[in-house]
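The structure appears below as structure tokens.
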Amino acid sequence: MNYADIILIAPEISMALLASIIIIVDLFSSNKKLLAPLSLTGLLAPLCFCIMVRDNPSIGFNGTVKVDDFSVFFKYVIILATGLVILSSTTYAKRFDKHQGEYYSLILLSATGMMLLTSAIELITIYIALELTALPTAALAAFIREKKSAESGVKFLILSAVSSAVLLYGMVLIYGFTGTTYLSEIGTVIANHLSTSGQVTDNGILLFSVILITAGFGFKISAVPFQMWAPDVYEGAPTPITGFLSVASKAAGFAIILRILYTVFENETLSSDWASMMAVLSAISMSVGNLIAIKQNNIKRMLAYSTIAQAGYIMVGLAAMAGNTTLNTSGPVGILVYLAGYTFTNLAAFAVITAVSEDSGDDSIDSFAGLIKKSPTLAVIMTVSMISLIGIPPTIGFMAKIYLFGAAVETNLTWLAIVGVVNSVVSAYYYLRVVKTMFIDSPDEKHEIHPNLGVLSASVIAISGTVFFGFFPKPIIELARDAINTLIG
Amino acid sequence: MTLTTEPFAIELAFWILSVCTVISAIAVVQIQDLFRSALFLIVTLLGVAGLFILLGAEFLAGVQLMVYVGAISVLIIFAILMTRDLEEGNPSHSFRVPVAIVAIIFILFAYYVITQDTDWNGRLISENLDAEQQKVAATVFFKESIPYLAKMLLTDFVLAFEMVSVLLLAAALGALALVRDR
Amino acid sequence: MINEQLVWAIFFIPLASFCLLALLVRPFFNSYSYISGPIAIVSIGISFILSLLTFFEVATNSNHNLVSEPNSWLEIGDFHFTVGILMDPLTAVMLVVVTGVSLMVQIYSMGYMKPSNHGSENAEHHGPEELGKPVYARYFAYMSLFTASMLGLVMAANVVQLFVFWELVGLCSYLLIGFWFHRPAAAAAAKKAFIVTRIGDFGFLIALMYLFFKTHNKGDNYLEISVINANLPGLVDAGLITAGALTLIALGMFVGAIGKSGQFPLHTWLPDAMEGPTPVSALIHAATMVTAGVFLVARFFPIFEHSPDVMLIVTIIGGVTAIFAATMGLVANDIKRVLAYSTVSQLGYMMLALGVGAYGPAIFHLFTHAFFKALLFLGSGSVNHATGTFDMRYMGGLRRKMPITYITFLIGSLSLAGIFPLAGFWSKDEILLNAWDKGDVASIIGFSLALIAVFMTAFYMFRALLLTFEGDFRGGSDKDPEAQAHGPVHLTESPFPMVLPLVILAIPAVIIGFLVNPIKDFGGIPAHWFTHKLEHSLHLPPPPAFDPILAIISSLIALLGILLAWAMYKRNPYLSPATMGRVAGPIYTLFLNKYYVDEVYEKFITGRIYYNGIALISDWIDRNIVDRTVNIIGWLGANFGSLIRELQTGQTQMYATVTSVGIIIIAAVYIFGM
Amino acid sequence: MEIPGILSIAIFLPFISAVIVAVFLTGKAARGFAVIASALELVVTGYIFVAHRQNGYDFSERITSWFPDSFPVQYFLSVDGISAPLILLTGLLGIVAIFASWNITERTKEHFMWLLLLQGAVIGVFTSMDFLLFFLFWELELIPMFFLISIWGTGRKEYSAMKFLIFTILGSAFMLIGILVIFAGTGTFDMTRISEALPSSNLIMPVGILFLFMSIGFAVKLPVFPLHTWLPDAHTDAPTAASVMLAGVLLKMGGYGLLRVSAGMFPDQLEKYAWVLALLGVINIIYGAAITIRQTDLKRLIAYSSVSHMGFVLLGLSAMGGVTSHLAMTGAALQMFTHGTITGLLFLTIGFIYERTHTRHIPDLGGLARRMPIFTVSFVVAGLASLGLPGTSGFVSEITIFLGAFPAFKLATIIAAFGVVLTAAYILWMIQRSMFGPERERFAQIGDATAVQVIPIGLLIVSIIGVGIYPAFVSDVFTEGITQMLNMTGAN
Amino acid sequence: MTLERFLILGAILFGIGLYGVLSKKHAIAVLMSLEIMFNGVNVTAVALSRYTVPYTVPDTFVDASRFLLTGHVFTVFIITVAAAEVALGLAIIIAIYRTRQSVLITDAKELSR
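Residue numbers (this note's numbering), protein chains in the order written: chain A, 1 to 489; chain B, 1 to 182; chain C, 1 to 674; chain D, 1 to 492; chain E, 1 to 113.
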């Protein structure tokens, strides 16, 4: 450990320090209003460090972390998500009274874990980062401590523990088989092994551990059949946390999956198996998510199912990685673009939901009735966000989908692209139901909603991103392309 | 001590320990009284600690004793006592039979994969290291495991090590916030 | 002295009149709508004069045909649709007929349609009082448009151009039949007229498509009528297209002609068209538009000549229609309907003539018929003006009250019946002569049918004459139970603007038969000058010589018909119509019900087969199969999720179990599946 | 003078106006501004058309650096003979739609905002020469239409709006796949280069399937049996302005796509499956017409008549590859233009009548001609044009399609030509039942068109009769575009 | 055979823990079962560490020798994280107990479908 190493993970360190500072301030100050601004300002530090480390990418900490464009890309996304979540929590957190400090610092700690996860290239580090991501969110999910929230917390904790046990088992087995926990070395061993034995058959343990690891990460990104937790947890958790879970933790999950795929499974045979598994899971995920979402009346739950479907879309990019003889890049680029876009879009939606449920007291879709009259701004933001989730231009959701499905088509996965677009159509039905409710249904009571500055600015920032990058996706695409290029090396 | 041959005593110890561990583990999930199953959990954890010793991981056995038996179990028992007034015992689900089948399939699956579908020979110390190297390995395992471990924790895995402390902080924060006063 | 611009002017002046009336007078100066009549009359008058000049130019020109340079209308790639003028004797004749009759009818309309004619109401109009004036402008606008379209039709040099005006006259017919649109019967008749003729046009359209298909790659622009007539038969002879193709083209055109000219079986619209104002019936549904079918066949006569099969069909259809319509005319009670059936019947004659190859006589009959039939219609309008009804059962005894009307109507009837030496005699006789002379089976059948029709024509015309003008007045619209929509009774001679055309038209009804196409050289007019001129370029076999025996026979038959009518409808009939009706029994009923053709068309084909058959089934399929399939797919999509949702029980361990099973399944697939 | 950037102006003028309407204006101010904006737009589109017609300008605008090179989406606009008249049509119907909404009182400014957005998006579709940009506008148009139907509609408006949307998205979903496959094969989104690049490219799916995918999106929009059932519902329940735009312009996007993409890029496939097109065309024509006569709702009736009329477009396209394909395809393109104005006028008139009578149920109407001469004239003119009467634009397109398609598919064309009779039947039946007959007591107080309503009616009548009398005004442009396309595809 | 039997033992423990997690109604019992699962993993990890060669054999074994104990490191972290998890889990259970007066995980099913 030396100075360079410290600089390398300066974003994470500053993030963790920020969490500590928040606790300390919280401890010594009775003015809880300071916390959110403080956290937001504090986020500038990791952001600056990210920009800083981007210039000199390298491996550090004896090969356990690798900071490159790829991880920095995700760190941006995570910091952005964190900032937006904090911003949209400003009113919401008031209900935690004295414990707002814990609330914000848990978010920051979880973000620390996520950021670390994007850089980790060694199994133990990955595991610790993953747990650091999960445990605070479990606490946050239960943070309201009323029935639903606590239930959501306990479900998240237990299921995430089971999944991490499974993941661990897989990691341990693969460690045993390869004798190392470093991803690059694992990759080399597997490659050597396969090149000598020529096939995977007598290496059942390898496949088995791959599947267990897939299951572990599949839980994180809520892909079918590891998705069951998502709706319940999303519904019960505090609304901003739901947004955080659906965006940041998913982004981190995909980051590590991509990292593992690229460093471990560069081998053709294994990666094509992997790809076909991903393709199937992707198709199932989107179909299941969309079909169930149609029948939901709770908007958070609906978005939870939609998240499952969105995970399915993103997995199209994973499946599209290995269709050709060499690992294809437009699939992963699509994933990155999609995740970035999804961050903007979904957080805009959740910010609006936060504001609306704050006003109406529940999360039902009906509480959006006549929103256009109550608050045109929120209604328009929600509409754009829904449109982006469907994938209709001119939004980033459209551009990202084009990219993903384009990647699928390029790699001969046209069937998957078809499943994807048909699913987009299905999804239009329930997303537009929200839009319809806002614009056409008349509200029970007519009063205007004036969202507070935090939520409003969060939603406006998020939606501006959605629309701006919908028109000019080039910056994101180029950033993502650089990221993937460094990932490939 | 060598790495290739196993004295009979160790063989015997393995069987005793593993049978005890498994039986007590089954007891944990089968006994109807939660308090007793917590006690059986301690037996299981002790058994695992014994297995660690068999595998030459004395330090881990110690950690197991201190963290698991000493801390976690006590914590669990406290929790049980706190919620004891409900008298709910340790019931199982109505669908425990299918679940058991799932678990058994999983075990059989793992068994198949471990024994039938994997060629371990290429990976074993006993097969792949020459005598000299095995001697080095034996030293690492049985004489200098704690310094080696310490060195690893503080050099190669220092980041994870630090992160675990952040993790513990987070867990403590969360736990405290959750059990806060109304 | 007549040049292309002036010929164009014949067409454009009425059109300008229409534009003036429709775009300026009707919307903006409706309170001055009395100027509409003069505007229309003047414009058509100019056209008439120009037409006459043109006619004489063509008649005296040895070149016969004046073909203008085609003007491009629509060019798509290699395809050129042009507009131009084809000026040959046929066109010239038609121009005179159209403008002449139109002029008379317009003058007549000035009186007939005038809102302040008597009291505040005109004869046929019982609408809200303020509506008198708008009607006036609208009426003359339509009439001008019609005249223009009809002129465009006869002048067309291009078959597409012809088709355009062919349809446009149909439009005007539609508008004018439905002129009293507030009357359901009128609106329905208008619709019927349009749709039935459209069925014919469908045939025309197919002919057009087929023609184009066969010729578009044959060099010349075969959409030019002159090219078609000159070259198309040659293509058959050269083997470039089959004779069958030519037959198909001719047949399709004839189907169009059937629709337009009310030939069997598409005749049903024409009697119903009498719902329009009477001058309209005179102009459109007697003299001009309905003859467009005949004109069409004549126009493409070289094609028909080369298709003997089609000629046969033309003959048969013509003959059948002639007698078929006449039988219905025997029993009709509405004077206009009698005339309408008579028109259909006479058009049948013309078709028959064309079918037997008597091109000149057909047009000759068209020419004479236009005048005396217009006269008759206008006469019936005059009668209606006085009695307020068209139902002859409520007329009678008008001879003394309306002498001029009576005399002109008598002249018209005699002419129509073919009594020597009136115009109708000469033209009809030519047709019979030609049919007889041709001598093949079809022609003889046609001839026989036509001969019977002569008898019937004479009978029903004099039946009408006697019922209307003789005997005692039977109450007019006061008695007619269906006369609510008609005018009041005031038994006086019609006003001057209405009488004048009657008198003027009576003159040609008498003289043009002999004068125009004498059987012998007559005062500088060569024998058969008219038909010769028409047939000049057709290289037809020389016409048969006038056969006095045939003429006498046909005249006798006509007289017999008149005699029978007199016997039945004089003051104290020898044969009471009621008795005759009983004797004839079912035949009478059959005639009265128009052979149930309307019933078959409207109830069975339109109602049962189309509306309650095909349309109903299609609609049902659309609602219950196509749309329901969509909805079922939607429903499945919406509810399939519910099945999976059942797993989402809220039980944490259920979720973990699903996940575990998922892992095991995936693992099994991958480990055992390879 | 070739004004640079005029196409962007044509697209963004409505967009910016919409934003201004949405943000700054309300009520009558919004309406007035919308009128001005759409009038300007008409001028702009008119200029584009005329300049293209007279001088052959294509006004290309191209920004290539919009996307990274690896995903070479361009901002590429251009006009050719196929699109120029449709752009004009959009400009024309745009202002008509604004006038049609004159009396909207509920959420006025939103209404005008959506209308303007819609117009801009449609013009975007017609001018885009980059496939993805094309698709972008294609999808963009859905949102305004969805809102227009679901907010200001009548009856089961929400159901209909959703149905419209789902159908269209489903169709365009397949189109998207097609676009991506083409991109994967050719490496370009440039529509002007694809037709050359496609034959030699290495496609990952059979070109037949690709053709099908591309065509499904357009077929839904056109609409083609059996994908048409969204249309009667959407039309029936849409507000007047939306109906006008839907029938007048949005359906044309389908035809435009078929022409530009299915025919222009896959000539061989189109020729191969021409019989399918002809068959579907005939089904559309006859089946649509047969259903029409059973309808009692005026708008539903016209909606089905649109189904019927769009069959002619299919029939025209099916002649591709034959010697008369110029004619038939120009006819098809003309049919799109003429149907746009004709059906636009029909819906407009029905909308105005509905505004006064509050019913569209045909048996409840009747005897309106006396009370509303202007509406009657416009209804009759539109109806007659719809049944293809010479002198109106409807005739020109139908006759050219018939003449052009006959050599290719004789029986189909004959059956289709019989559709003309059926059309006459239902149109005249409709006019008779709704406008003619004795005057009704309850309509005694209603009035005729106001001066404001005469403007759109007049505009459309002028265009219908004008094109009917001088079709070359539009057809020359179409001919040029189609000839160019056919030459490029080497079909002729 | 020696490695395999440890591995199988680990798998059995993992399976038993899994069964417990899936079948026990009591939340604390579920946590205890989770610990059994982790112990199964731990046994596996240590056994693998003991019996298999680390990466980079045979070139620089002396350098690599310290990686012999990677499994141990793994186990140390697993134990630590498990402890944190249990602590948090118990806190949540207490919280849920306060809201519902029940610690049966099967009672927490308000969020469903």
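Here a beta-carbon is modelled for each residue, glycine too, at the ideal position from N, C-alpha and C. These figures come from a predicted structure and were not determined experimentally.
- Using a Cβ-Cβ cut-off of 7 Å, tryptophan 429 (chain D) is close to Lys191 of chain C, given in chain order.
- Under the Cβ criterion (8 Å, minimum of three pairs), the stretch 233-250 of chain C does not count as touching the stretch 91-104 of chain C.
- A straight line joining the alpha-carbon of phenylalanine 59 (chain B) with that of alanine 47 (chain E) spans about 14 Å.
- Put simply, the CB of leucine 111 (chain E) is near chain C, with a gap under 8 Å to one of its CB atoms.
- Fully enclosed alpha helix (DSSP H) runs of no fewer than 4 residues occupy 27-55 of the stretch 16-75 of chain D, in order along the chain.
- Within the stretch 537-588 of chain C, the complete alpha helix (DSSP H) runs of at least 4 residues fall at 548-569, 577-584.
- Using a Cβ-Cβ cut-off of 9 Å, leucine 207 (chain A) is close to Ala667, Tyr670, Ile671, Met674 of chain C, given in chain order.
- DSSP, reduced to helix, strand and coil, places glutamate 151 (chain A) within a helical segment of the structure shown.
- When C-alpha distances from lysine 33 (chain A) are compared across A:Leu453, A:Phe177, A:Ala462, the shortest belongs to A:Leu453.
- Contact between the stretch 172-188 of chain D and the stretch 452-471 of chain A is not established, with fewer than three Cβ pairs separated by less than 8 Å.
- Identification of chain E residues near isoleucine 125 (chain B) by a Cβ-Cβ cut-off of 7 Å yields Tyr51, Thr52, Val53, ordered along the chain.
- At least 8 Å separates the beta-carbon of threonine 112 (chain A) from that of alanine 252 (chain A).
- The beta carbon of serine 24 (chain B) lies closer than 8 Å to those of Phe40, Leu41, Val43, Thr44, Gly47 in the same chain, with the five residues before and after it left out.
- Taken through DSSP and simplified to helix, strand or coil, phenylalanine 226 (chain A) comes out as coil.
- For isoleucine 350 (chain D), the enclosing alpha helix (DSSP H) has its first and last residue at 325-357.
- Around aspartate 117 (chain B), the beta-carbon contacts reaching into chain C at under 8 Å are Ile671.
- Taken through DSSP and simplified to helix, strand or coil, histidine 447 (chain A) comes out as coil.
- For glycine 607 (chain C), DSSP records no beta bridge to any residue.
- Glycine 316 (chain D) and glycine 404 (chain D) have their alpha carbons spaced roughly 7 Å apart.
- Excluding the 5 residues flanking it on each side, alanine 458 (chain C) has same chain C-beta neighbours closer than 6 Å at Ala417, Ala558, Gly561, Ile562, in chain order.
- One alpha carbon belongs to leucine 198 (chain D), the other to threonine 489 (chain D), and they sit about 11 Å apart.
- The secondary-structure analysis by DSSP pairs phenylalanine 522 (chain C) across a beta bridge with C:Ile525.
- Scanning chain E for C-beta atoms nearer than 7 Å to the C-beta of phenylalanine 52 (chain B) yields Val46, reported in chain order.
- The beta carbon of serine 78 (chain D) is closer than 6 Å to those of Asp58, Ser60, Met129 in its chain, skipping five residues each way along the sequence.
- Per the C-alpha coordinates, the member of C:Gly650, C:Ser427, C:Leu500 positioned closest to valine 516 (chain C) is C:Ser427.
- Listed along the chain, the chain C residues whose CB falls inside 8 Å of the CB of valine 67 (chain B) amount to none; the nearest CB is some 25 Å away.
- Counting only Cβ-Cβ distances below 7 Å, isoleucine 143 (chain D) has contacts in chain A at Ile387, Ile392, in chain order.
- Looking at the DSSP output, alanine 638 (chain C) bridges to nothing.
- Around tryptophan 230 (chain D), the same chain offers Lys163, Phe164, Phe167 as residues with beta carbons nearer than 6 Å, after the five sequence neighbours per side are excluded.
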